Amino acid sequence: MKVVVVESPAKAKTINKYLGSDFHVLASFGHIRDLPPKDGSVRPDEDFAMDWETDPKSEKHVKEIAAAVKGAEKLFLATDPDREGEAISWHVKKVLEDRKALKGVEVKRVVFNEITKTAVLDAMKKPRDIDQELVDAYLARRALDYLVGFTLSPVLWRKLPGSRSAGRVQSVALRLICQRESEIESFKSQEYWTIAADFQTPKGAVLSAALTHLDGKKLDKFDLPTEAAARAAEKAAAGASYTVGSVERKRTKRNPYPPFTTSTLQQEASRKLYFGAQRTMQLAQRLYEGVDIGGETVGLITYMRTDGVQMAAEAIAGAREVIGQEFGPRYVPDAPRLYKTKAKNAQEAHEAIRPTDLARKPEDVARYLDKDQLRLYELVWKRTIASQMASAELDQVAVDIASNDHKITFRATGSVVVFDGFMKVYQEDRDDSDEDEAEKLLPDVAEKDAMARKSIKADQHFTQPPPRFSEASLVKRMEELGIGRPSTYASILTVLQDRNYVKLDARRFIPEDRGRLVTAFLESFFGRYVEYNFTAELENQLDDISGGRIQWKRVLDQFWKAFSGSVDETKDLRVTQVLDALDELLGPHFFPDNGSGHDPRSCPTCTAGRLSLKLGKFGAFIGCSAYPECRFTRPLTTAENAGDEDVREGPKELGTDPVSTLPVTLRKGPYGYYVQLGDESTLKAPEPAPEPAPPAKGKKAAKPKVAKAPKPKRVSLFRGLEPADVTLSVACQLLALPREVGPHPETKLIIKAGVGKFGPYLMYDGGYKSLAKGDDVLTIGMNRAVELLAQAKGRSVAAPLKTLGEVDGKPVTLHEGKYGPYVSRDGVHATLPKGAVLDAVTLDAAMELIKARAATKGTGKKAPAKKPAAKKPAAKKPAAKKAPAKKAPAKPKAKKAAE
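Take 930 as the starting number for the sequence shown in the working numbering and just add one per residue.
Right, here's the structure in full:
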């Protein structure tokens, strides 16, 4: 028997079908052991000795593998073909060796880039030993990440309360996001103008062109900075006569893009499919591990963690064959297209991500995949096919229209796709690009043709700040800088969001204030370790380790000596020093100068104090230097947004309640947002309790009664009410709840509206009715309240589709309900038979259904059953508690004690 170990059960199931009965395929379920999450798991002083601990969840799988291996002929470690896969195989071998399960068992490593029968069987014929250089690169990366995390994070916790963690690559990615936000905030918009005109050709066609030369000089972007300059240029251009000065025609080619790598797949899936990096990798993993297609489980794409863009020769041949069949011979280039990887380490430059069989078109597998799997497979298939297609050909035309004195020139440009080539299948979306891919066809003109100016227009523009990073553009930027590796990007972006360092808004990353504080702290005191070049160079060294060009412990030693020294320098760092540094660095963000001449740091309450960063047990906030005389605080938001942002770290003052004259604040607690009237310092302290009378002789002194301090009134924000919408008026209305809606028109009992544990409600006659979506507890009126209370008595009635007629003066109506169509009269509702045609329902048929319903179920109104009275005997249960007093042994004991 031969044993094969892979990572996942899905992969094991697929491979098990390819191998014969002589093989037993088991899954390790990923990594089986890791560094324990405690200090000392990596010991630099002991030549970087590392302690490994088997995950308790993996113990069951390890035992199964050990039991299967005992007595086996061979063990094949068939984990993924990358550094992580090599590490998993190494861990499995080490654990089995420690348990003495490999005695007499030959251990080999096999790798395959795709899970197909051919690829798996070929790999089994070419086993090798575990690549120790790849394992060393994994060990170095794991040790580095551990040392940074377990050394730097405690520094953050001590010096910057409210921080979560810091990471070697995570912190650099966060810096990118924060730095971009700072660029946006400091951006000064610049005004500029452009002039455009429409010209009529001799044949009557209209051509639009932009002004490029004025007074014989070429215009730069900001040469028309004001409206006055633009109007002067417009006037000069309007008074001239024009002819075609030159016509430039150029045939250009546009080449296809290479097939996907991990990074480009994440980028395009984000742009085209709106998938996050984590979601993209999850879907790709499923497509790689295998899908049941007509009774056969097969991997649909090759391995999805790769830096390589090359494809196997048989895959290229398969792509060319499909192109010829689907699109014709013209779309097949004369020679196969070969792409070269940019990865420095050839050992990890695997094949690009491609379909395992390009003849398997998306429509052929659509019924076997869910919607998202199909969309990702289609994206991979199209990109791969397009990468081997002929180039697109375009005719680009540029027409210069000049005034007769040649001092003024307009230019029109356009392009026409002559042959679409690969563009027939695929075009890449470009994030943050101004390039216009749309086809623009210009009318046919010749040099010296007279051009009649039809209209002229000056347009105002303002320069725009750089856009915030999307997942796609951030991944692209990290790859450009050499930060991290594409296979780690998804987890990095997830960690940043889980730590509340950044948030995604409209698919763009916005740094949270906590994230900005961490970045500012690291830039101030650990600047070298968040530098882009330093992190990229460290990644290159890790690649050199996996390529056998440098020893892994040497890299660790060089890093640790410098890093531990930087950490030691912060031991005597005081929190006030940290605050001063952060206050200076983040001052322009939290206290921006709006140009009014008013000091943005001036306290709005006492005017004498100065606002600055403060630290509390829940993190940082902004407070007044005159504390405790002045207690003004605000959460970490910019001054102009302080009234619109959600409350994060501290209360937000809304104003003073006009009735009680107590301050009203918006706060955030463990269960969400709420408004509060007053605080402990503003409420009247309780009167001290009178001294108790001295106790009688032989009796214990009575405990003095302690008057409880009054608590401020609080009301939670109900669902649908956003913190940004809470004004002083809204807060006061909330604090006044429950409010009287008015007396019920029939019973004259008072209806009240309030907010409780389960949200807004109506209270009437001892009962409660939750408000429906769209109802406002602060404004709901009597008519709507009565309608909701009527629904509470029975089945909720939808608006009628039509009225069938009247019986005894009461309408019979037809409705479309949650569980299908039904008819209703006087509170009795009867569901229509399945398949009934609504237009065919008559009054007589409806009444038969209603009468049958009334006969079996009553009127739908619950009879007032007196169940509590029936259960009176059960209420005597407490008497049973006296049973222990009847125990016979109790009396002798008491007597004995008296003696």
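Yeah, the Cβ is synthetic: ideal placement off N, Cα and C, and Gly gets one too.
Only a predicted model underlies this, so the values are computations on that prediction, with no experimental measurement involved.
For Lys1581, I'd like the list of residues in its chain whose CB is within less than 7 angstroms of its CB, leaving aside the five on either flank, ordered along the chain.
Walking along the sequence shown from the start, residue 1581 turns up at place 652. Cβ neighbours of Lys1581 beyond the five flanking positions: Arg1563, Pro1564, Thr1594 and Leu1595.
For Asn1429 and Gly1444, I'd like the C-alpha separation in whole angstroms.
Within the sequence shown, numbered from 1, the residue matching residue 1429 stands at position 500. Within the sequence shown, numbered from 1, the residue matching residue 1444 stands at position 515. Taking the straight line from one Cα to the other gives about 7 angstroms.
Excluding the five sequence neighbours on either side, which residues of its own chain have a C-beta within less than 6 angstroms of the C-beta of Val1424, listed in chain order?
Within the sequence shown, numbered from 1, the residue matching residue 1424 stands at position 495. For Val1424, where only same-chain residues beyond five positions count, the Cβ hits under 6 angstroms are Gln1099.
Do Leu1068 and Val1431 come within 8 angstroms of each other at the CB atom, strictly closer than that value?
Stepping through the sequence shown from its first residue, residue 1431 is reached at position 502. Stepping through the sequence shown from its first residue, residue 1068 is reached at position 139. Cβ distance not < 8 angstroms, so Val1431 and Leu1068 don't count as in contact.
Does the region 953–967 come within contact of the region 1037–1048, defined as at least 3 CB pairs closer than 8 angstroms?
no
Okay, do the region 1219–1231 and the region 936–950 touch, 3+ Cβ pairs below 8 angstroms being the bar?
yes
Residue range of the unbroken beta strand (DSSP E) whose run includes Pro1740
To locate residue 1740, count along the sequence shown from 1; it is residue 811. Run containing Pro1740: Lys1739 to Gly1746, per the beta strand (DSSP E) assignment.
Start and end of the alpha helix (DSSP H) containing Pro1415?
By 1-based counting over the sequence shown, the position of residue 1415 is 486. Start and end: Pro1415 to Asp1427.
Might you give, ordered along the chain, the residues of its own chain that have their beta carbon closer than 6 angstroms to the beta carbon of Leu1663, omitting 5 neighbours on each side?
Taking the first residue of the sequence shown as position 1, residue 1663 is located at position 734. So the qualifying residues of the chain are Val1604 and Val1644.
Cα-Cα separation, Arg1713 to Asp1737:
Reading the sequence shown from its first residue, position 784 is the one you call residue 1713. Reading the sequence shown from its first residue, position 808 is the one you call residue 1737. Between Arg1713 and Asp1737, the C-alpha separation is close to 27 angstroms.
Just the Cα atoms here: how many angstroms apart are Ala1248 and Arg1234?
Counting from 1 along the sequence shown, the entry for residue 1248 is found at position 319. Counting from 1 along the sequence shown, the entry for residue 1234 is found at position 305. Each residue's Cα considered, the two are about 21 angstroms apart.
Contact between the region 1321–1337 and the region 1299–1311 (3+ Cβ pairs under 8 angstroms):
no
Looking only at DSSP bridge pairs, what is Ile1230 linked to?
Sequence index remark: in the sequence shown, residue 1230 carries index 301 (1-based). Answer is Pro1284.
Just to confirm the assignment: which complete beta strand (DSSP E) runs, minimum length 3, are found wholly within the region 1310–1394?
1321–1332, 1338–1348 and 1379–1391
My assumption, with CB atoms under 8 angstroms, is that Val954 sits in contact with Leu1004. Please give the rounded CB distance.
Here residue 954 corresponds to residue number 25 of the sequence shown, with the count starting at 1. Here residue 1004 corresponds to residue number 75 of the sequence shown, with the count starting at 1. That belief does not hold up - the Cβ atoms of Val954 and Leu1004 are roughly 12 angstroms apart, past 8 angstroms.
If you draw a straight line from the C-alpha of Asp1361 to the C-alpha of Arg1200, how long is it?
Taking the sequence shown and counting its residues from 1, one reaches residue 1361 at position 432. Taking the sequence shown and counting its residues from 1, one reaches residue 1200 at position 271. Reliability of the predicted coordinates at Asp1361 is poor, the pLDDT of 46 falling under 50, and no value is obtained from them.
Any heavy atom of the ligand ADP closer than 7 angstroms to the Cβ of Val1036?
Among the components modelled here there is no ligand, and therefore nothing to report on the ligand ADP.
If you draw a straight line from the C-alpha of Val1507 to the C-alpha of Glu1513, how long is it?
Working through the sequence shown from its first residue, we reach residue 1507 at position 578. Working through the sequence shown from its first residue, we reach residue 1513 at position 584. Each residue's Cα considered, the two are about 10 angstroms apart.
Contact set for Ile1230: own chain, Cβ-Cβ below 8 angstroms, skip 5 residues either direction:
Walking along the sequence shown from the start, residue 1230 turns up at place 301. Contacts found: Glu1043, Ala1213, Leu1216, Tyr1217, Ile1282, Arg1283, Pro1284, Thr1285, Tyr1306 and Val1309.
Opening and closing residue of the beta strand (DSSP E) in which Pro1672 lies:
The residue given as residue 1672 occupies position 743 in the sequence shown. Its beta strand (DSSP E) spans residues Arg1668 to Pro1672.
Take His1021 as the anchor and find which of Val1374, Gly1584, Ser1316 and Thr983 has the nearest alpha-carbon.
In the sequence shown, residue 1021 corresponds to position 92, counting from 1. For clarity, residue 1021 is Val in the given sequence; the question names His instead. The candidate whose alpha carbon is nearest that of Val1021 is Thr983.
For Ser1115, collect the residues of the same chain with a Cβ closer than 8 angstroms to its Cβ; drop the 5 residues on either side in sequence, then sort them by chain order.
On the sequence shown, position 186 is the one that residue 1115 refers to. Cβ neighbours of Ser1115 beyond the five flanking positions: Pro1517.
Limits of the unbroken beta strand (DSSP E) element including Met1692:
On the sequence shown, residue 1692 is found 763 positions in, with the first residue counted as 1. Residues Gly1688 to Tyr1693.
Note down, one range per segment and in chain order, each beta strand (DSSP E) of at least 3 residues found wholly within the region 942–987.
952–956
Could you give the residue range of the beta strand (DSSP E) that holds Gln1129?
Taking the first residue of the sequence shown as 1, we reach residue 1129 at position 200. Note, Gln1129: beta strand (DSSP E), Glu1120 to Gln1129.
First through last residue of the alpha helix (DSSP H) which encompasses Ala1169
For this step, residue 1169 is matched to residue 240 along the sequence shown. Counting along the chain, Ala1169 falls outside any alpha helix (DSSP H), and DSSP gives it neither H nor E.
DSSP-derived helix/strand/coil call for His990
Numbered from its first residue, the sequence shown carries residue 990 at position 61. Residue state, collapsed to three classes: helix.
Would you kindly check if the distance between the Cβ of Lys1336 and the Cβ of Thr1172 is under 8 angstroms?
As a position in the sequence shown, residue 1172 is number 243, starting the count at 1. As a position in the sequence shown, residue 1336 is number 407, starting the count at 1. The answer is no: Cβ separation not under 8 angstroms.
By alpha-carbon positions, which one of Phe1438, Glu1409, Thr1338 and Gln1129 ends up nearest to Arg1466?
The sequence position of residue 1466 within the sequence shown is 537, counting from 1. Reading off the sequence shown, one finds Glu at residue 1466, where the question assumed Arg. Checked all of Phe1438, Glu1409, Thr1338 and Gln1129; the closest Cα to Glu1466 is Glu1409.
Go ahead and pull the three-state DSSP assignment for Ile1551.
Against the sequence shown, residue 1551 aligns to sequence position 622. Strand at Ile1551.
Identity of the residues DSSP links to Lys1054 by a beta bridge
In the sequence shown, counting from the first residue as 1, residue 1054 sits at position 125. Paired residue(s): none; Lys1054 is not in a bridge.
Closest by C-alpha distance to Pro973, when choosing among Phe1079, Ser987, Lys989 and Phe958
Start at 1 with the first residue of the sequence shown, and residue 973 comes out as number 44. When only C-alpha atoms are compared, the closest one is Phe1079.
Note down the Cα distance separating Ala995 from Leu1025, rounded to an integer number of angstroms.
Translated into positions along the sequence shown, residue 995 becomes position 66. Translated into positions along the sequence shown, residue 1025 becomes position 96. So the two alpha carbons sit approximately 6 angstroms from each other.
Sheet register partners of His1142 (DSSP bridge):
For the purposes of this step, residue 1142 is taken as the residue at position 213 of the sequence shown. For His1142, which the question treats as bridged, DSSP gives the partners Lys1147 and Thr1338.
Mapping DSSP to helix, strand and coil, what is Gly1696?
Position 767 of the sequence shown, counted from the start, is the residue given in the question as residue 1696. Reduced to three states, the DSSP call for Gly1696 is strand.
Of all the alpha helix (DSSP H) runs that stay within the bounds of the region 1416–1491, which reach a length of 4 or more residues?
1442–1454 and 1461–1475
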